[in-house]
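A.B. asks:
In the numbering used here, the protein residues as written are 78 to 195.
#1: Mapping DSSP to helix, strand and coil, what is residue 170?
#2: In this structure, does DSSP put residue 178 in helix, strand or coil?
#3: Within 10 Å of its beta-carbon, does residue 131 have 16 or more other beta-carbons around it, so buried, or fewer, so exposed?
#4: My assumption, with CB atoms under 8 Å, is that residue 161 sits in contact with residue 126. Please give the rounded CB distance.
#5: Can you list, in chain order, the residues of its chain with a C-beta nearer than 6 Å to that of residue 107? Leave out the 5 residues immediately preceding and following it.
#6: Keeping to the same chain, check which residues put their C-beta closer than 6 Å to that of residue 120; ignore five residues upstream and five downstream.
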């Protein structure tokens, strides 16, 4: 093997190795970005569930304090109950069961106020 062929082989193998390292690094970066996006999406879903729980409990307190609410506000709270319950069904580690009584009371009051009088 001539010196020129040796140099070409060394350069080529170094370039291939560098390119392989570049591809591996890029793949690792994509996996890390993908994991961070998944983590952020999960955190956002948990945040939405926590906000729904807070809204449910606040609305329940307001009902117990005889505050009057529009039918639209009731419906929004019923949507929050659904959001919270769906999240709890798929995330058993999440502190659930905190709104069971409140949710039932809100549903009963909605039925009493808006459905029974129609």
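Every residue, glycine too, gets a C-beta built ideally from N, C-alpha and C.
C.D. replies: Quick look at the numbers:
#1: Residue 170 falls in the coil class under three-state DSSP.
#2: Helix at residue 178.
#3: Exposed is the label assigned to residue 131, since fewer than 16 other Cβ atoms lie within 10 Å of its Cβ.
#4: Under the criterion of beta carbons closer than 8 Å, residue 161 and residue 126 qualify as touching, at roughly 6 Å.
#5: None.
#6: None.
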